[in-house]
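Structure first, then comments.
Numbering (the numbering used here), first residue to last: 23 to 226.
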């Protein structure tokens, strides 16, 4: 019988580690494919969780279902097209989480597991990945959205976004404690979940 006290904690932890590792590895991979050797030199071109995990980001994921790992070091000067390279590398993390959420839902519908532990694990993996995808699109440093919006719009927008970098983590935590912001994020995650599930149901 699945023990929800110990089992839930362990399953959530495993789901978090898998999700963050794939997210950061995707950044490293896309950056490397564009001619940047910095992720490899810093040991980040790997799925090994020890290379990516940030303790505070994991705690945040346990508490809020939103979190992060250690940012992958890159050098955009190595890209063939700097602006496009930064956008693609930044998008890689959230996109990898959407893909993982999709295949998690697909596995659930294809195999229809009845074991409580497996059902819980797949549910956590699905929720954490949709949460990571939405959360990381927020345009506040050091989240992926800050680089995406900064490079897409440039000018004053980029100046403002990069100008608040030193206060980024404080702003993120402050926003998470505002009920309206948490509700909006939860609503967006719910929408993303629905679209993924609709796509899976269409395929199955």
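Backbone N, C-alpha and C define an ideal beta-carbon position, used for all residues, glycine too.
What whole-angstrom Cβ distance do residue 41 and residue 151 have, given they're in contact under 8 Å? Rounded, the Cβ-Cβ distance is 5 Å, consistent with contact.
If we count the other Cβ atoms within 10 Å of its Cβ and call it buried at 16 or more, is residue 27 buried or exposed?
Of the other Cβ atoms in all chains shown, fewer than 16 fall within 10 Å of the Cβ of residue 27; this residue is therefore exposed.
**Asked** Given 8 Å as the limit, is there contact between the stretch 98–112 and the stretch 49–59, that is, 3 or more CB pairs closer than that?
**Response** Yes, they touch.
Note to self: Considering just the uninterrupted stretch of the alpha helix (DSSP H) at residue 198, what are its terminal residues?
What the structure shows: Annotation: the continuous alpha helix (DSSP H) that includes residue 198 extends over 190–198.
* Given 8 Å, three or more beta-carbon pairs between the stretch 60–76 and the stretch 88–98 -> In short, these stretches touch, since the Cβ pair count reaches three.
Taking the C-alpha atoms as reference points, what is the distance between residue 130 and residue 115?
If I take the Cα positions, the gap works out to 23 Å.
Just list the alpha helix (DSSP H) runs in the stretch 107–195, keeping only unbroken ones of 4 residues or longer that don't cross its boundaries, in chain order. Here the runs fully enclosed are 138–157, 166–175, 177–185.
message = Closer than 8 Å is the cut-off here; do at least three beta carbon pairs connect the stretch 158–173 with the stretch 181–193?
response = The answer is yes - the stretch 181–193 touches the stretch 158–173, with three or more Cβ pairs under 8 Å.
So, at 6 Å on beta carbons, what are the nonlocal neighbours of residue 61 in its own chain, with the 5 sequence-adjacent residues on each side left out?
In its chain, beyond the 5 residues on either side, 50, 53, 54, 67, 94 have a beta carbon closer than 6 Å to the beta carbon of residue 61.
*Roughly how many angstroms lie between the CA atoms of residue 84 and residue 192, to the nearest whole one?*
Each residue's alpha carbon lies about 18 Å from the other.
What's the call for residue 212, buried or exposed, on a 16-neighbour Cβ count within 10 Å? So residue 212 ends up on the exposed side.
Can you give me the start and stop residues for the alpha helix (DSSP H) that residue 63 sits inside? From DSSP, the alpha helix (DSSP H) with residue 63 extends over 60–63.
| Can you give the beta carbon distance from residue 139 to residue 29, rounded, assuming they're within the 8 Å contact cut? | The C-beta distance from residue 139 to residue 29 rounds to 6 Å, short enough to meet the 8 Å contact threshold.
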